[in-house]
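In terms of my numbering, the sequence shown has 59 at position 58, counting the first letter as 1, and numbering is strictly consecutive. Take a look at the structure below.
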Amino acid sequence: MPQFLIDSRNIQGNTTTLTGNEAKHLIKVLRYKKGDRVFLSDGQYQYVSVIESLSGKTVNLKLLDRKLLQKAAPSPILGISLLKHDHLELVLQKGVELGVGEFILFISERTIPHYHESATPKKLARFEKIAMEAAKQSGMITPPKIDPVISFEALVKNFDGFSGVMLAWEEEKESSFNTVFQTLDPTKLLLIIGPEGGFTKEEVALAEKNGAKIVTLGRQILRAETAAITTLALCQYELGNL
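Laid out in structure tokens, this is it:
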């Protein structure tokens, strides 16, 4: 059953309104009509509503019932270097499908300079739209947060804010993902994937010095986007979600 995301600030008494892309999707794609029931969520509550009226880009709803959402299971946080646009968008889409709770985009030494334009507000708005659409299709209550682009060094300085940090590196040969995962607290786990050219040895040493666990994803050298998806799938498997 489709579920639409709303802002709790837009609830007036027992009514609310859907506008923009959400309303367009409900009217044009799903073909909802007056009197149909619609499921909504503001991230804290799930609502059952009924359509009172609708026009081209607006749907007016009456709220019939609400229930407090259960606390979600731990969601991995993905730190990913800026990649070629379509590759990064693929990671965002598949990352949402694989339960990422937050994306942290960063620039490291081997991040291709041309990709730095992804740091613009326009690009970030597009990334948020992609995450929103993927969240709707996956039935997620709320879309994951996409943080402003930072440097790799700035990310490393914030390692203390996570319950654990795992960095995948193609030159690591011993520490497997599943073995290291079992030693960490998954409550707020940060998974880090580097750029197409990989991390430098100095960057890996810096991360390890600040508490990151360096892991291998296997014998094959994976493309950055493949490594990100693989890492998330492994994480969800270890969490018992796959």
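Ideal Cβ positions, reconstructed from N, Cα and C, are used throughout, including at glycine. Computed from a predicted model, the values in this text were never measured in an experiment.
Buried versus exposed call for residue i [16 or more other C-beta atoms within 10 Å across all chains shown]
i	result
residue 186	exposed
residue 215	buried
residue 225	buried
residue 206	exposed
residue 51	exposed
residue 144	buried
residue 172	exposed
residue 69	exposed
residue 9	exposed
residue 222	exposed
residue 62	buried
residue 76	buried
residue 96	buried
residue 213	buried
Minimum C-alpha distance to residue i - residue among the options
i	options	result
residue 188	166, 209, 200	166
residue 5	13, 25, 14, 15	25
residue 191	222, 176, 210, 101	101
residue 220	169, 67, 137	169
residue 7	94, 141, 121	141
residue 109	133, 44, 198	198
residue 149	125, 130, 234	125
residue 202	70, 14, 111	111
residue 181	12, 243, 117, 232	232
residue 66	84, 40, 87	40
residue 228	48, 83, 92, 44	92
residue 116	63, 83, 16, 122	83
residue 177	239, 21, 88	239
residue 49	3, 20, 88	3
residue 218	74, 13, 235, 45	235
residue 196	85, 123, 163	85
residue 137	44, 193, 88	44
residue 160	193, 129, 130	193
residue 21	130, 123, 174	130
Assumed close pair residue i, residue j - CB separation to whole angstroms, cut-off 8 angstroms
i	j	result
residue 248	residue 27	Outside the displayed span of the chain (2 to 243) sits residue 248, for which this structure offers no information.
residue 106	residue 78	At roughly 12 angstroms, the Cβ-Cβ gap does not stay under 8 angstroms, so residue 106 and residue 78 are not in contact.
residue 42	residue 98	About 18 angstroms; that fails the 8 angstroms criterion.
residue 71	residue 135	Residue 71 to residue 135, Cβ: 22 angstroms. No contact.
residue 146	residue 103	5 angstroms
residue 16	residue 64	7 angstroms
Residue i in three-state terms, based on DSSP
i	result
residue 10	helix
residue 67	strand
residue 80	strand
residue 139	helix
residue 33	coil
residue 120	helix
residue 163	coil
>> Whether or not the region 21-37 and the region 55-70 are in contact is what I'm after, with contact meaning three or more pairs of Cβ atoms, one per stretch, closer than 8 angstroms; do they touch?
In response: yes
> Can at least three beta-carbon pairs, one atom from the region 147-160 and one from the region 172-187, be found at a separation below 8 angstroms?
Replying inline: no
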